[in-house]
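Only one structure is covered here, and it is reproduced in the block below.
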Ligand code: CA2
């Protein structure tokens, strides 16, 4: 079975509870359950985690190596725009990753238009709502299975 990892960063545990116009009305639990079903259909295993702490996300990225994860799908939340630690962790494990944003970060405030990850990502999906996670997973399972 091929392993994939879905990581969500700070505040994404609030999905479906607030700001539905921006981030949709599905909870993270719903999204994860749906993606796990899709991965099972392809006989793959999706490991899902969310953390509000940068260091925990770094540790989870390290754990992806031990779990032989073939591709990481990551929405780093606001850490996208600030975290050299996440960039170094992803570079360090040398596992391909797809960066996902629910909103279009390029249509928002200036400070959201810088990503510390995009230039080293396999690809970036931004602004397609929570469906972006599914698009990323389908692509990852095609490319890295
Ligand atoms: O568009 C995205 O997916 C973001 O990564 C979301 C981050 C934001 O800081 C990035 O610039 C773009 C914020 C996540 C906050 O999630 C919430 C979800 C529901 C209600 C409140 C916050």
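Residue numbers (this note's numbering): 5 to 149.
Cβ coordinates follow ideal geometry from the N, Cα and C atoms, glycine included.
- With contacts defined as CB atoms closer than 8 Å, residue 11 and residue 76 qualify as a contacting pair.
- In this structure, the alpha-carbon of residue 66 lies about 18 Å from that of residue 120.
- Proximity to residue 144 across 114, 102, 15 peaks at 102, based on C-alpha coordinates.
- In the three-state scheme derived from DSSP, where H, G and I count as helix and E and B as strand, residue 28 is classed as coil.
- Around the Cβ of residue 108, a 10 Å sphere holds fewer than 16 other Cβ atoms; the residue is exposed.
- In the structure shown, the three-state DSSP call for residue 56 is coil.
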